[in-house]
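Trainee: Got a structure for you, questions after.
Number of protein chains: 2
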Amino acid sequence: MKRYQALADDIARSIRQGLLSPGQRLPSVRQASAARQLSPSTVFQAYYLLEAQGLVQSRARSGYYVSEQARTLPPEPDAASQPDGESRPVDVSELVFEVLESAMAHDIVPLGSAFMSPALFPLAKLGRAMAHEAVHLDPRSTVDDLTPGNAELRRHIALRYRIGGVELGANDLVVCNGAIEALNLCIAAVTRPGDAVLVESPCFYAALQVLERHGLHAIEVPTHPRDGIELGALATAIARHRPKACWLMTNFQNPLGSTMPDAKKRELVELLARHELPLIEDDVYGELHFGTHRPAPAKAYDRHGLVLHCSSFSKTLAPGYRIGWAAAGRYTQQVARLKLTNTLATCVPAQLAIARYLQRGSYERHLRRLRTTLAAQQSAYLTAVAEHFPQGTRVTRPDGGYFLWIELPEDRDALRVHREAARRGISIAPGPIFSAHRGHGHCLRLNYGHPLDARVAAALRVLGGLSSVRSAPA
Amino acid sequence: MKRYQALADDIARSIRQGLLSPGQRLPSVRQASAARQLSPSTVFQAYYLLEAQGLVQSRARSGYYVSEQARTLPPEPDAASQPDGESRPVDVSELVFEVLESAMAHDIVPLGSAFMSPALFPLAKLGRAMAHEAVHLDPRSTVDDLTPGNAELRRHIALRYRIGGVELGANDLVVCNGAIEALNLCIAAVTRPGDAVLVESPCFYAALQVLERHGLHAIEVPTHPRDGIELGALATAIARHRPKACWLMTNFQNPLGSTMPDAKKRELVELLARHELPLIEDDVYGELHFGTHRPAPAKAYDRHGLVLHCSSFSKTLAPGYRIGWAAAGRYTQQVARLKLTNTLATCVPAQLAIARYLQRGSYERHLRRLRTTLAAQQSAYLTAVAEHFPQGTRVTRPDGGYFLWIELPEDRDALRVHREAARRGISIAPGPIFSAHRGHGHCLRLNYGHPLDARVAAALRVLGGLSSVRSAPA
């Protein structure tokens, strides 16, 4: 992280948290340079970056000001969700597929998509790494690099964790076909059909689909849009339902964007360990942080091998390559064996390509660029939401990832918005697909991972209009 | 298939079936040329090929003779297996993993391996196809080519089926991470935990592991080493156990090498259809035939969409690329949805690489070479088995694939042979891993997919020695 980036992050955080208000003048470059003991060019670079992110505006001969648009942003959601606390079999797949399949048309505006724009990835550079590996493939690697996966790739992944303070070695990792396979194997390792699993409310629909597929029950736990699952409610649910596992996204949760603070993560891990409860941790967005540091995974606090941590390169580097992994603690061998019976192995040339790319050392540079782009797109989308969405709307400002969670006024019907939008060539992810009891009926998840071009701008205007219509009284 | 190959296949079959005996003189080139209405050079090429396969020997100034070694080949197994016919939960994984993991040492002689020598694949040419695709990857394909898979690849796969007389279109196919994922999804589509599934006896251990993982019961059905599962016994088992599916390898079954004749396949499909029973068909070895034609899959006779046919490129073209598929008939949408929740998608650059390779048109040429090599290796391994294995041994002569099934005298213990061999750096697949009731205790599966070099020759001698030891009376 360069100095100017650290400064920009610091100021951006102050703006997001309201410490600096819209319209307020930033210190001059000279003042800031003196106060922070940085060179003027560093300060200038930081301001320039903030301007690119839409957070500040320069005025001729007058300096930099916090963007006026921020003044009109809708408030953030400020309360944890309130699910009913029941344990129930999951039956969401039909609804989820209906929504997803309506979003698969090629020319739809992908605001409901789970993917960011593929143009944001270094696919050409990665392709050159793959070209080299594919042409020089050692025939033995078609056997040696099967499960648990290519040793060099696992070493690079482990190294990134260790730099981030998480004690993992190459042998703790099982390479999988994306995080979703890793998650499937981990939940299979710790549950049997009929068991109950604690999840966030709302939670990623694919997690619910996996639970459904494994014949598991879900217990939704109150979750705050800023700092994640409520530990008190979690403890209550453990006592009441005797679940067999807990499945969370600790960083930039999909769909809320919430991130659990470090202390809360530690407390979570300790709470679960007291009950010998495994934690399935889906951390695919952790690298997409806008702040200075990658937030730690809960795995960092795991002293008992009870955290089954899963992640992938699909959201950060290589969509379509399908390379993810599990660090499954005491369940590592079990997960490796399940992997053998599920898909045997992960595409070898794709593993080698990513290992080679990581070895070349440009991953961190790519990530820095990607994070800046996403932060700027978040600002732009927030501004558009402020402009087009009705009075009473609330919207999150996550510190990373590429999803906004929009709470419409309570008398709005997100499924209706979805259906009307789909008819107009726009996809959106309606709240009920993120809930085992079809909750969050007035909420939407909005993907800001695509550049806000004229087409997206028009689509956001349409969505705002659709969201202004009250649903007929039930 | 060239004319000389067809002639060689015809003669090879006569030799394998005993119509031509060891030591018998083949017709002269001139005689055969006149009798078969082929050019002398075609006949010469055929004899030359048979000599390369070790099936005939030339004697100076005297002509070609059926190889003397064939005289000493052990007889083929000549009776169907006799499992106990019970339905039972599957619990083989521990044993299978113990055996497989002992075979994972890097320098072990891989006679127990499920893979043939990776040197037999056109990895460099395939790598060049992948290099081209990876460097020119259209970012949109990282989304468009997710499940059900790249359209061009599916079109090429469907085309191969149609040329072989199987009516399949691109939309009938779901691309998967190898056949093993396809099989997992298919069995999940048609069963629920606790259901019973009919399998061959012996059957591929990975099938048993998949059943175990899904909480299913297995019913082993008598199976003949030459022509596969016994339909009478199958009908009896259906009536007795009311299974929910049947899972077979119809061509070059692993481990027996059996292939169901066409008429029997048709009868099988009709029998199952009368009971509305889905057939999971694993056909990964079908392309590795030594005869003139690829044997048809049972899918060719499916008029009710009840055959869920699975295959892959892993055994024929691209090990480690992990590209397989399912043609799941009436369950196609269900399988595609299960695929989305299991691994979301299959590695896109690997799909594109294979599509490009297939389009280039050299797949058929590669397959011809591969089949000839495997047929020659089978002869060489059979000769070695004849030389080293004890009196009373029986061994199959499959018309394709790369496995021999060896029945030792009944008082031998295959698990002991496995353990003793592993201690000497040799892997072998013992019979009990192919059975839900640990049957086939005196049988071994021998992989002849690796060139019979001095190291393998020495290993076969050791195995023969170990197989000569009677097990202590129980």
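Quick note, the sequences are listed as chains A and B, same order.
Position in the first sequence (first residue = 1) + 48 = our numbering.
Position in the second sequence (first residue = 1) + 48 = our numbering.
Built from N, CA and C at the ideal position, the CB exists for glycine as well.
Could you name the residues of the segment 220 to 246 of chain B whose beta carbon sits closer than 7 angstroms to any beta carbon of chain A, in the order they occur along the chain?
Mentor: Hits within the stretch, in order: N225, G226, I228, E229, N232, P241.
Trainee: In chain order, what residues of the same chain have a beta carbon less than 7 angstroms from the beta carbon of A:Y52, not counting five sequence neighbours either side?
Mentor: Taken in chain order, the residues that qualify are T90, Q93, A94, L97.
Trainee: Flag A:L98 as yes if its beta-carbon sits less than 9 angstroms from any beta-carbon of chain B, otherwise no.
Mentor: No, its Cβ sits nowhere closer than 9 angstroms to a Cβ of chain B.
Trainee: If we define contact as Cβ-Cβ less than 9 angstroms, is B:R202 a contact residue for chain A?
Mentor: Taking Cβ atoms only, chain A never reaches closer than 9 angstroms to B:R202, which makes this a no.
Trainee: Along chain A, in chain order, which residues have C-beta atoms closer than 9 angstroms to that of B:C251?
Mentor: Simply none; closest approach about 14 angstroms.
Trainee: Mind pulling the chain B residues with CB within less than 9 angstroms of A:Y379?
Mentor: Chain B residues near A:Y379: none, gap ~15 angstroms exceeds 9 angstroms.
Trainee: If you pair each beta-carbon of the segment 447 to 462 of chain A with each one of the segment 484 to 498 of chain A, do three or more pairs fall below 8 angstroms?
Mentor: A contact exists between the segment 447 to 462 of chain A and the segment 484 to 498 of chain A.
Trainee: For chain B, check one thing: does any of its Cβ atoms lie closer than 9 angstroms to the Cβ of A:Y369?
Mentor: For A:Y369, the answer is yes, since a Cβ of chain B falls inside 9 angstroms of its Cβ.
Trainee: Measuring alpha carbon to alpha carbon, tell me which residue in A:K347, A:L256, A:S249, A:K313 is nearest A:A374.
Mentor: Among A:K347, A:L256, A:S249, A:K313, the Cα nearest to that of A:A374 belongs to A:K347.
Trainee: Just to confirm before moving on: does the CB-CB distance between B:A80 and B:P273 stay below 9 angstroms?
Mentor: Not in contact: B:A80 and B:P273 (Cβ atoms no closer than 9 angstroms).
Trainee: Look at the Cβ atom of A:V223, then the Cβ atom of A:Q399, and state whether they are nearer than 9 angstroms.
Mentor: Yes, the pair counts as a contact, with Cβ atoms nearer than the cut-off.
Trainee: Residues of chain A with a CB under 8 angstroms from the CB of B:R385: which are they?
Mentor: Here the neighbours are S141, F145.
Trainee: When the Cβ atoms of the segment 163 to 172 of chain B are set against those of the segment 172 to 190 of chain A, are three or more pairs found closer than 8 angstroms?
Mentor: Yes, since at least three Cβ pairs between the segment 163 to 172 of chain B and the segment 172 to 190 of chain A fall closer than 8 angstroms, the two stretches touch.
Trainee: Does the beta-carbon of B:D58 have 16 or more other beta-carbons within 10 angstroms, so that it is buried, or is it exposed?
Mentor: So B:D58 counts as exposed.
Trainee: Against chain A, with Cβ distances strictly below 9 angstroms, would B:P397 count as a contact?
Mentor: So yes, B:P397 belongs to the interface.
Trainee: Name the chain A residues whose beta carbon is nearer than 9 angstroms to that of B:R261?
Mentor: Chain A residues near B:R261: A236, L386, T389, N390.
Trainee: Who are the near neighbours of A:T420 in its chain, counting only those whose CB is closer than 6 angstroms to its CB and skipping five residues on each side?
Mentor: No residues qualify anywhere along the chain.
Trainee: Closest to A:L336 by C-alpha separation, out of A:I481, A:K387, A:A283, A:A423, would be which residue?
Mentor: Here the closest residue by C-alpha is A:A423.
Trainee: Of all the options B:L259, B:S360, B:I371, which has the alpha carbon lying nearest to the alpha carbon of B:P397?
Mentor: Looking at the Cα atoms, B:I371 is the closest of the given residues.
Trainee: Look at the alpha carbon of A:G133 and the alpha carbon of A:E215, and state the distance between them as a whole number of angstroms.
Mentor: Taking the straight line joining both Cα atoms gives about 35 angstroms.
Trainee: Which residues in the same chain as A:E318 place their Cβ atom closer than 8 angstroms to its Cβ, once the five residues preceding and following it in sequence are excluded?
Mentor: Once the five neighbours on either side are set aside, the close Cβ partners of A:E318 are Y349.
Trainee: Check this for me: beta carbons of B:E315 and B:L256, under 9 angstroms apart or not?
Mentor: For B:E315 and B:L256, no; Cβs fall outside 9 angstroms.
Trainee: Output yes if chain B places a C-beta closer than 9 angstroms to the C-beta of A:H154; else output no.
Mentor: With 9 angstroms as the cut-off, A:H154 counts as an interface residue toward chain B.
Trainee: A:T421 touches chain B at which residues, Cβ-Cβ below 8 angstroms?
Mentor: The contacting residues do not exist; A:T421 stays about 15 angstroms from chain B at best.
Trainee: Sorted by chain position, which residues of the same chain lie with C-beta nearer than 6 angstroms to A:H323's C-beta, five sequence neighbours on each side aside?
Mentor: Closer than 6 angstroms at the Cβ level, and outside the excluded window around A:H323, lie I286.
Trainee: Just how far apart, CA to CA, sit A:V114 and A:S483?
Mentor: About 37 angstroms.
Trainee: Per DSSP, what are the beta-bridge partners of A:G276 in this structure?
Mentor: Bridge partners of A:G276: A:H272.
Trainee: Hey, is A:F437's beta-carbon within less than 9 angstroms of any beta-carbon in chain B?
Mentor: So no, A:F437 is outside the interface.
Trainee: Sort A:G487, A:I267, A:G197 by Cα distance to A:T380 and report the nearest one.
Mentor: Comparing Cα-Cα distances from A:T380 to each of A:G487, A:I267, A:G197, the minimum goes to A:G197.
Trainee: Shorter than 9 angstroms from the beta carbon of B:G513 to some beta carbon of chain A?
Mentor: Not closer than 9 angstroms to any Cβ of chain A, the Cβ of B:G513 fails to qualify, so no.
Trainee: Would you kindly work out how many angstroms separate the C-alpha atoms of B:D330 and B:S359, rounded to a whole number?
Mentor: About 6 angstroms.
Trainee: Name the chain B residues that come within less than 8 angstroms of A:A428, Cβ to Cβ?
Mentor: Chain B residues near A:A428: none, gap ~21 angstroms exceeds 8 angstroms.
Trainee: Which of the three DSSP states is assigned to B:A522 in this structure?
Mentor: Caution is warranted here: a pLDDT of 49 is assigned to B:A522, below 50, making its placement in the model unreliable, and no coordinate value can be reported.
Trainee: According to DSSP, which residues form a beta bridge with A:Q105?
Mentor: Bridge partners of A:Q105: A:Y113.
Trainee: Applying the 10 Å Cβ sphere with the 16-neighbour rule, what's the burial state of A:K363?
Mentor: Buried, because 16 or more other Cβ atoms sit within 10 Å of the Cβ of A:K363.
Trainee: Quick one: which chain A residues come within Cβ less than 7 angstroms of B:Q257?
Mentor: Simply T389.
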